[in-house]
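>
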Amino acid sequence: MPKQNTGSRKGSVQSKDLGPHAVQIEPDAEYMRYLTRLTSSSPELKKGGYIIKQLSINDLEAKNRCQRCDSRCVCKKPIAATVSVAQNVADTLPNVRVFDAAVSGSAGSKGRSTPRTNESTRVKSCPSNTGENSAKLSTKALGKQVAKDINEHQKEHQGEGKFRCNWHSGEIKNKVWTCCNQHVSQPGCMHDNEHLPREFSLKEMTVRFQCYNTPRAHEYFRSPKLIRSAVALDCEMGTAFDNEPQLVRVTLIDYFTAEVLVNHLVWPDVNMAHLNTQYSGVTWPQLKQAQRDGLCIMGTGIARLQILKYIGPQTIVVVHGGGSDLSALNWIHPIIVDSHLVEAAYQKAKQEQEEADRESAEAERQWLEGGPGPSADAGKVDEKKEKKQQTI
C-alpha cells in the first residue's frame with residue numbers, strides 16, 4: 001500500500017487550505033499505478049449511472065417531463081396505431097401470419113373487446129419469392145413487439161385508481177396541499193391516463209442537458225501547467241421547477257496537495273423548486289450574498305469551464321457516487337475513481353469468496369463424514385453422459 005508523505009520538505013504536511021487534518025500524498029509512480037488500478041471501465045461507469053457519450057436526439061427528448069406530475073414522459077404511439085401498422089404490414093407481405101394475439105387481443109384473455117374476424121389476421125398464400133423469408137422474420141418481430149406493447153398497455157391500465165399521471169392542482173401551504181388538504185408526501189389527487197409533456201424546443205433541451213467531453217489543453221486555451229494529475233470533486237444540487245437536479249455548488253481539490261482549486265456557489269440556470277438545503281447546505285440568502293459580492297458562478301456552463309482549467313483528458317477524478325455530480329455539470333470524463341463503485345466491487349468479491357469458502361467447507365465436511373458430497377454428484381452426471389454417448 002503506498003504511504004502518505006508525512007515529512008516532506010518540499011511541501012508542508014498540513015495543507016494551508018484545508019487545515020491541520022489534510023495530509024499531502026506523494027504522487028510517485030507506485031501510487032499513480034495504484035490509483036490508476038482503481039479507475040472504472042466505461043461499462044462499469046455506465047452501469048453506475050455515468051453518461052459516457054454525448055446525448056442523442058432521442059436521449060434529449062427522453063429528458064422531457066410532464067408539466068403536471070413532473071414524471072418522465074417519452075411520447076409513444078398509441079396501441080391502436082401500432083396495431084393498425086401491423087395490419088397494414090400483414091396486408092402487404094405474402095404468406096405471413098401476424099400474431100393473432102397482437103391484432104385481435106392479448107393471448108389468454110377471458111373475453112375479447114371485438115369479435116375475431118378473418119380480415120388482416122391472415123393473408124392468403126401466394127407463390128413464394130426471394131424476399132419471403134425476410135418478410136416472415138420482420139413481421140414476426142413486429143408481431144412480438146405489438147403483443148409486448150399491448151401487454152404493457154394493459155398492465156398500466158388494469159385495476160381501479162391506477163393512472164399514469166397523478167398530480168395536485170393546488171399549492172403547498174404549511175406542508176399541506178390546498179387542493180385536497182393532504183400532506184405534501186401524499187400522491188396526487190388528480191388523475192389522467194396520459195402525461196402532458198412540457199413544450200421545449202430541441203435547442204433548449206440541448207443547452208440545458210447536453211454533456212461535453214474533457215478538452216485538451218490547447219483546445220481550451222489554458223496553460224498545461226495548471227493541469228493536475230488527480231483531483232477530488234464534489235457537487236451539491238438543488239431541485240429545479242421540473243424536478244430535475246440543478247447544480248448549486250461545486251468544489252474541486254488537488255488530490256495530492258489538498259489545494260482548494262474551486263469552491264463556489266453556482267447560480268441556477270432555471271427556476272428552482274427548492275435548494276435541497278437539508279442535504280446541500282445551500283440557502284437563498286447565501287446565494288444572493290455571493291451574487292452581490294461577485295463570488296457566485298453564474299450558471300452550470302461557467303462552473304464546468306472553471307473546473308476544466310485544472311483537468312485534462314488524463315487527469316484522474318476522484319468522487320463518491322459521482323454520476324449525479326458529472327451529470328449536473330453536463331460533463332463527460334473517461335478516468336474516474338468512484339469510491340462507491342470501488343467499495344461495491346470489493347464487497348461483491350468478498351461475498352463471492354465467502355460463499356466459495358462455505359461450499360468448500362461443506363464439501364470437505366461431507367467427504368469426512370463419508371457422504372457423497374458435490375464431487376460425487378458431479379461424477380454421477382459424468383457417468384450418465386458417457387453411457388448416453390455410448391448408446392448413441
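Residue 265 in the UniProt record's numbering sits at position 265 of the sequence shown, with consecutive numbering throughout. A virtual CB, placed ideally from N, CA and C, is assigned to each residue, including glycine. In this text the structure is predicted, and so the values were computed from the model without any measurement.
Please classify Ser-327: is it buried, with 16 or more other beta-carbons within 10 angstroms of its beta-carbon, or exposed?
Burial call: buried.
> Candidates Pro-187, Cys-66, Asp-325: which alpha carbon is nearest Met-237's?
Nearest C-alpha to Met-237: Asp-325.
> Can you look up Pro-245 in the DSSP assignment and give me helix, strand or coil?
Looking at Pro-245 - three-state DSSP - the assignment turns out to be strand.
> Give the list of continuous beta strand (DSSP E) stretches no shorter than 3 residues that lie fully inside the segment 267-337.
List check, beta strand (DSSP E) in window: 272-274, 316-319.
> For Pro-224 and Ile-316, what's the separation of their Cα atoms in angstroms?
For Pro-224 and Ile-316, the distance between alpha carbons rounds to 15 Å.
> Do Ile-297 and Cys-211 have their beta-carbon atoms positioned less than 7 Å apart in this structure?
No; because the gap between Cβ atoms is not below 7 Å, this pair is not in contact.
> In or out: Pro-187 buried (at least 16 other Cβ within 10 Å) or exposed?
Exposed is the call here.
> Considering only the alpha carbon of each residue, which of Val-207, Val-342, Asp-254 lies closest to Gly-301?
Comparing Cα positions, the closest option is Val-207.
> Candidates Phe-256, Leu-55, Val-337: which alpha carbon is nearest Ile-25's?
Ranking the options by Cα distance to Ile-25, first place goes to Phe-256.
> Suppose you measure from the CA of residue 393 to the CA of Ile-57; what does that come to, to the nearest Å?
The requested residue 393 is not part of the displayed model; the chain covers only 1 to 392.
> State the start and end residues of the unbroken alpha helix (DSSP H) segment that holds Asn-58.
From DSSP, the alpha helix (DSSP H) with Asn-58 extends over 57-61.
> Report yes if the CB atom of Gly-299 is closer than 7 Å to the CB atom of Asp-338, and no otherwise.
Not in contact: Gly-299 and Asp-338 (Cβ atoms no closer than 7 Å).
> Tell me which residue opens and which closes the alpha helix (DSSP H) that Ala-258 is part of.
Ala-258 -> no alpha helix (DSSP H), and no H or E assigned at all.
> Quick one: residues in its chain with C-beta nearer than 6 Å to the C-beta of Gly-108, no 5 flanking neighbours on either side, listed in chain order?
Its pLDDT being 41, under 50, Gly-108 is placed unreliably by the model, and nothing is read from it.
> Counting contacts by CB-CB distance shorter than 7 Å, is Ala-344 in contact with chain D?
Annotation note: the requested chain D is absent from the structure, which comprises a single protein chain.
> Helix, strand or coil for Asp-192? Go by DSSP, reduced to three states.
Asp-192 falls in the strand class under three-state DSSP.
> Three-state secondary structure (DSSP) at Val-342?
Three-state result, Val-342: helix.
> Going by beta carbon distance, what residues of the same chain come within less than 7 Å of Lys-63, once the five residues before and after it are set aside?
Only Met-205, Phe-209 meet the Cβ criterion.
> Please classify Asp-254 as buried or exposed, where buried requires at least 16 neighbouring CB atoms within 10 angstroms.
When all chains shown are included, Asp-254 counts as buried.
> Could you tell me the boundaries of the beta strand (DSSP E) in which Thr-239 lies?
Per DSSP, Thr-239 belongs to the beta strand (DSSP E) from 230-240.
> For Arg-72, is the classification buried or exposed, using 16 other Cβ atoms within 10 angstroms of its Cβ as the cut-off for buried?
Answer is exposed; the Cβ neighbour count stays below 16.
> Between the beta-carbon of Arg-292 and the beta-carbon of Trp-167, is there less than 7 Å?
No. Outside cutoff.
> On the DSSP letters alone, give me the boundaries of the beta strand (DSSP E) that Cys-165 sits inside.
165-167 is the span of the beta strand (DSSP E), which, as asked, contains Cys-165.
> So what's Thr-178 in DSSP terms, helix, strand or just coil?
Thr-178: coil per DSSP, three-state reduction.
> Using CA atoms only, rank isn't needed, just tell me which of Val-282, Leu-60, Asn-263 is closest to Phe-200.
Among Val-282, Leu-60, Asn-263, the Cα nearest to that of Phe-200 belongs to Leu-60.
> Among all the DSSP beta bridges, which residues are the ones paired with Tyr-212?
In the DSSP output, where bridge partners are listed per residue, Tyr-212 has Trp-331.
> Decide if Asn-330 is buried, meaning its Cβ has at least 16 other Cβ atoms within 10 Å, or exposed.
Burial call: buried.
> What number of angstroms, rounded off, separates the C-alpha of Lys-288 from the C-alpha of Tyr-279?
Going by the C-alpha atoms only, they are around 19 Å apart.
> Excluding the 5 residues preceding and the 5 following Asp-242 in the sequence, name in chain order all residues of the same chain whose CB lies nearer than 6 Å to its CB.
Cβ neighbours of Asp-242 beyond the five flanking positions: Arg-65, Asp-70.
> DSSP on Val-184, reduced to helix/strand/coil?
The answer is coil: DSSP assigns Val-184 none of H, G, I, E or B.
> Pull up the DSSP beta-bridge partners for Leu-252, would you.
In DSSP, Leu-252 forms a bridge with Leu-233, Val-262.
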